[in-house]
Structures are given as structure tokens and as C-alpha cells.
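*Asks:*
There are 2 protein chains.
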Amino acid sequence: MNDATAAAAAPVARLIDEFHKLPGVGPKSAQRLTYHLLRIPHEDALALAQAIIELKEKTVLCSVCQNVTEQDPCVICRDDGRDRATICVVEEPLDILAVERTRGFHGLYHVLHGVISPMDGIGPDDLKVGELLARLRGGSVHEVIMATNPNLEGEATSMYISRLLTPLGVRVTRLARGLPMGSDLEYADDVTLSRALENRQDV
Amino acid sequence: MNDATAAAAAPVARLIDEFHKLPGVGPKSAQRLTYHLLRIPHEDALALAQAIIELKEKTVLCSVCQNVTEQDPCVICRDDGRDRATICVVEEPLDILAVERTRGFHGLYHVLHGVISPMDGIGPDDLKVGELLARLRGGSVHEVIMATNPNLEGEATSMYISRLLTPLGVRVTRLARGLPMGSDLEYADDVTLSRALENRQDV
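Following this line, the structure appears as C-alpha cells:
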């Protein structure tokens, strides 16, 4: 309990502290969220608490793709309508939502749950890389799309995994780099523009 | 469940929805908070849920000052060391924390739980104004400091309450308006600067 919360009732101070632990929630936001919950009806606040409890108690990682799921295997892995020969490898479960929103991918996924980051002490063994290799052993997968984030750690992780997969005879691709739609050439950063130039496409 | 969460497990989608209902939490933040809770240890996530439950189940409004409290009357109202002749009237419980941080006020508080706002259909009867008047009837309170926010609704509420209190023979003051410390005259807005000029003080 710090100076700011010393005058508040203990349950109020405790919730402010708990909210403050969340990423992107500063002390002021933590206070505002807490007092918001004080004002709203009992059942609305309890619905949030219940949702948190159920998130932790009713979800597991899918034993196939490592996505967060209620039932194992997950909804996507169980879906017979999906192309089982293509696996899209992403860093986090959230990334699956982003790819699904495009409605342009109908294969399966694999969630790494992180990226290789020597600075943070995260190596390949901390990621779900072994589980990915195991999925490829059957030989039914023809293409692995690396959809890690286009930054230093994402690229390094993608490179590392590609090198492991190549001997298995599977085609490894990655998401195209280039100018984002709606952007302005004048304001594009150097790396993006030079990648867009390198990977120029026939019209 | 919207498009963005359709591919997520039901408990994940539900928590994203619940977070999204909080003020200042957009759909992206709601997703990020949810996946953060997925990653952290079970007991850390449950501590947040428990804190929310206790906030609603273990707090009441202080029957004297209307602040949020575990015990009625609250810690401040029970404190014999405080000046019981002075009441600082604030809009929300959070404002008490702000005033307490100054360590410059040693009287009691009164929380209105809102401001008069005809646009939102909030009139004086929706605020804890009657409770304030009841506290003044004993005659032991000599000064009421109006500490509502220095905006349209806050000023109107302050004016309205002042008019109710004046016949009771109590001194009604309000927080000084002027230039905030550390600010720059050049960038001060017109209203603030003209108030600072009007209320100029002898050096």
C-alpha cells in the first residue's frame, strides 16, 4: 500500500495494487478502474471476476497447436474443413485472431508462446519448437508459414526455425514484407522501403 | 462475441468482452490484458479476481461522509485527531486521496458521488447533498470547503450547494483558481489566466 492509497479502504487499495500490476495500467488508471468497479452494479463487477477465474480454470493449451482452448484439441485443430497440409507459426495466441480476421488462411496454426530473445534469457527450448517438429514428422504437412513479428527477435526466431525445418523437406515461407496499405511512401522507414524494393512484384 | 474473438476459446472471448466494458480499455487493450492473465501464474490472476470480489463484498459507504470504507464510520470519520469543524466536499472518493496526498488538510470529508449534470439527467437529488445538510444541522461545523472539479459541472454543483449552505450560517469556501505550479504563462489558457489575475494575491 503506497502513499496514494493509504487513505483508501483496504479492499480498494488492494484492487488498485492488483490493477497496477497489469501491463499498461498506471497508478491513475488503476485508481480509475477500481472506482469504476465500485460504482457499477454488484453483478457486473462479479462477472469480470468470474471471467478471470474461468479463464484460468477452464482453459488449457491445445496439445496439437498450443493455442489456448477450452477443449483439447482446439476448435481449429478439430475442424475437418481446414487445410491440414499448411501450418502458420505465430508467436502468441493473439496473433491467431489477427490472421483469422483476414479470412485468407484456412490451414492450421502453431503457437510458439514467445520469441528467441537472448537478452531476456529466452532460448529455443523455452518455446514450443519441439512440438512443431513433432507435428511435421508425419510428413502430411507441405508448407509452414512463419508469421512471427517483423522485428529483430521475430526475424531471428523465424530464421532459426526455418533452418530446423528445411532438412525435413517441408516448404517454409514467411509473410511478405513491404509497404503497409494506406501508407505514404514519403513517410515509410528506410528498412521497410528497401525491403519493398527488394521484393518488388510484377504487375 | 465479435469478429475479433470468434476464433478464441469461450473463456478468453468472455474475459476480453468484460475488460472491454471498462472505461478507457479498447478492444486491443482488452485482448492484451486477457493474454497477460493467461501467461501469469494461476494465483496471481486469482488474486485480481479475489480483489474485485472483496471490493464489492467488503466495502460499504460510510454513513457519515459517504466515502467507500470497510468499517462504518470510515477511518477518517473515526479519527479523533481530525478537525471536526471543517468539511471538504468532493465529487468522488478518488478526490479524497488527492487531497490527503497534500497533507495540508486535517478536517473531514463529504463525498457527493457525482456532480449536477442536467445533460446526463443528474440532479441534486441524485447526489449525497441531503446527507451533507444533515451533518451541518448540529452546528459544530464552521467551514465547508467546496472541492469540486474546476469545470462547468463542478462549478455549478459548488454554486448550488453554496446557496443551500449560506442560510445555515456556515462559512463556505472553495479551492483557489490560478496558475498551476510549474506551468508557463505563455501557454496558460485564457480562463485560467483571467482567474489568476482576478484573484491576485499580495506578495
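If you read the sequences in order, they're chains A and S. If you count by the numbering used here, then the first sequence holds residues 1 to 203, one letter each, in order. If you count by the numbering used here, then the second sequence holds residues 1001 to 1203, one letter each, in order. Just so you know, even glycine gets a beta-carbon here, dropped at the ideal spot from N, CA and C. The structure displayed is predicted, hence computed values, not measured ones.
Quick check: what's the CA-CA separation for S/L1168 versus S/V1203?
*Replies:* 34 Å
*Asks:* Got a sec, what are the start and stop residues for the beta strand (DSSP E) S/D1083 sits in?
*Replies:* According to the DSSP assignment, S/D1083 belongs to the beta strand (DSSP E) that extends over 1083-1090.
*Asks:* Anyone know if the C-beta pair for S/G1173 and S/E1143 falls short of 8 Å?
*Replies:* The sequence as given places Thr at residue 1173 of chain S; Gly does not occur at that position. Against a cut-off of 8 Å, the Cβ pair of S/E1143 and S/T1173 comes out as a contact.
*Asks:* Under the rule that 16 or more other beta-carbon atoms within 10 Å means buried, what is S/L1055, buried or exposed?
*Replies:* In this structure S/L1055 is buried. Its beta-carbon is surrounded by 16 or more other beta-carbon atoms within 10 angstroms.
*Asks:* If contacts are defined as beta-carbon pairs under 8 Å, then A/I116 and A/E153 qualify, I think. What distance do you get, rounded to the angstrom?
*Replies:* 6 Å
*Asks:* Looking at A/H36: is its Cβ nearer than 8 Å to the Cβ of S/P1023?
*Replies:* yes
*Asks:* Starting from S/T1059, find everything on chain A with Cβ-Cβ shorter than 8 Å and list it in chain order.
*Replies:* Using a Cβ-Cβ cut-off of 8 Å, S/T1059 is close to A9, P11, V12, L38 of chain A, given in chain order.
*Asks:* Quick check: the segment 1172-1191 of chain S against the segment 1145-1164 of chain S, are there 3 or more CB pairs under 8 Å?
*Replies:* yes
*Asks:* Measuring alpha carbon to alpha carbon, tell me which residue in A/T34, A/V25, A/G26 is nearest A/A10.
*Replies:* A/T34
*Asks:* Rounded to a whole number of angstroms, what is the C-alpha to C-alpha distance between S/S1162 and S/C1088?
*Replies:* 13 Å
*Asks:* Please list, in chain order, the chain A residues whose beta carbon lies closer than 8 Å to that of S/H1042.
*Replies:* K56
*Asks:* Taking the alpha carbon of S/V1060 as the point to measure from, which residue in S/R1039, S/G1081, S/P1093 has its own alpha carbon closest?
*Replies:* S/P1093
*Asks:* So, with DSSP's three-state summary, where would you put S/E1057?
*Replies:* helix
*Asks:* Please confirm whether S/L1022 has its beta-carbon closer than 8 Å to some beta-carbon of chain A.
*Replies:* yes
*Asks:* Taking the C-alpha atoms as reference points, what is the distance between S/Q1050 and S/R1195?
*Replies:* When only Cα atoms are considered, S/Q1050 and S/R1195 end up about 47 Å apart.
*Asks:* Which term fits S/S1063, buried or exposed, when burial requires 16 or more other beta carbons within 10 angstroms of its beta carbon?
*Replies:* exposed
*Asks:* Please report how far the alpha carbon of A/G130 lies from the alpha carbon of A/V141, in whole angstroms.
*Replies:* Going by the C-alpha atoms only, they are around 16 Å apart.
*Asks:* Closer than 8 Å by C-beta to S/A1008: which residues in its own chain qualify, once you throw out the five before and the five after it? Chain order, please.
*Replies:* I1016
*Asks:* Run through DSSP, which three-state label would A/R171 get?
*Replies:* strand
*Asks:* State buried or exposed for A/L197, treating a residue as buried only when at least 16 other CB atoms are found within 10 Å of its CB.
*Replies:* The C-beta of A/L197 has fewer than 16 other C-beta atoms within 10 Å across all chains shown, which makes the residue exposed.
*Asks:* Assuming A/G114 and A/L127 are in contact, meaning their beta carbons sit under 8 Å apart, how far apart are those beta carbons, in whole angstroms?
*Replies:* Contact holds; Cβ gap of about 5 Å.
*Asks:* According to DSSP, S/Y1109 sits in a beta bridge with which residue or residues?
*Replies:* S/C1088
*Asks:* Please state the DSSP three-state secondary structure of S/E1143.
*Replies:* S/E1143: strand per DSSP, three-state reduction.
*Asks:* Enumerate in chain order the residues of its own chain whose CB-to-CB distance from A/A156 is below 8 Å, with the five nearest sequence positions on each side excluded.
*Replies:* The beta carbon of A/A156 sits closer than 8 Å to the beta carbons of V115, I116 from its chain, once the five residues preceding and following it are set aside; these are given in chain order.
*Asks:* Just the Cα atoms here: how many angstroms apart are A/R82 and A/G104?
*Replies:* 12 Å
*Asks:* Is it right to say S/L1048 is buried, meaning 16 or more other beta carbons lie within 10 angstroms of its own, or is it exposed?
*Replies:* buried
*Asks:* Judging by CA-CA distance, which residue of A/S158, A/D79, A/A98, A/V75 is the nearest neighbour of A/G123?
*Replies:* A/S158
*Asks:* Which of the three DSSP states is assigned to S/T1192 in this structure?
*Replies:* helix
*Asks:* With distance defined between alpha-carbon atoms, name the residue in A/L97, A/T102, A/E186, A/R39 nearest to S/P1027.
*Replies:* A/L97
*Asks:* Can you list, in chain order, the residues of the segment 82-108 of chain A whose Cβ is nearer than 8 Å to any Cβ on chain S?
*Replies:* E92, P93, L94, I96, L97, E100, R101
*Asks:* Please list, in chain order, all residues of the same chain as A/L112 whose beta carbon is under 6 Å from its beta carbon, the five residues on each side excluded.
*Replies:* E91, L127, K128
*Asks:* Answer yes or no: does any C-beta atom of chain S fall closer than 8 Å to that of A/R32?
*Replies:* yes
*Asks:* Can you pull the chain D residues whose beta carbon is under 7 Å from the beta carbon of S/L1015, in chain order?
*Replies:* The structure shown has no chain D; the protein chains it does contain are A and S.
*Asks:* What residues are listed by DSSP as bridge partners for S/V1068?
*Replies:* S/V1068 is bridged to S/L1061.
*Asks:* Could you confirm whether any beta carbon from chain S is found closer than 8 Å to the beta carbon of A/L112?
*Replies:* no
*Asks:* Does the beta-carbon of S/H1110 have 16 or more other beta-carbons within 10 angstroms, so that it is buried, or is it exposed?
*Replies:* buried
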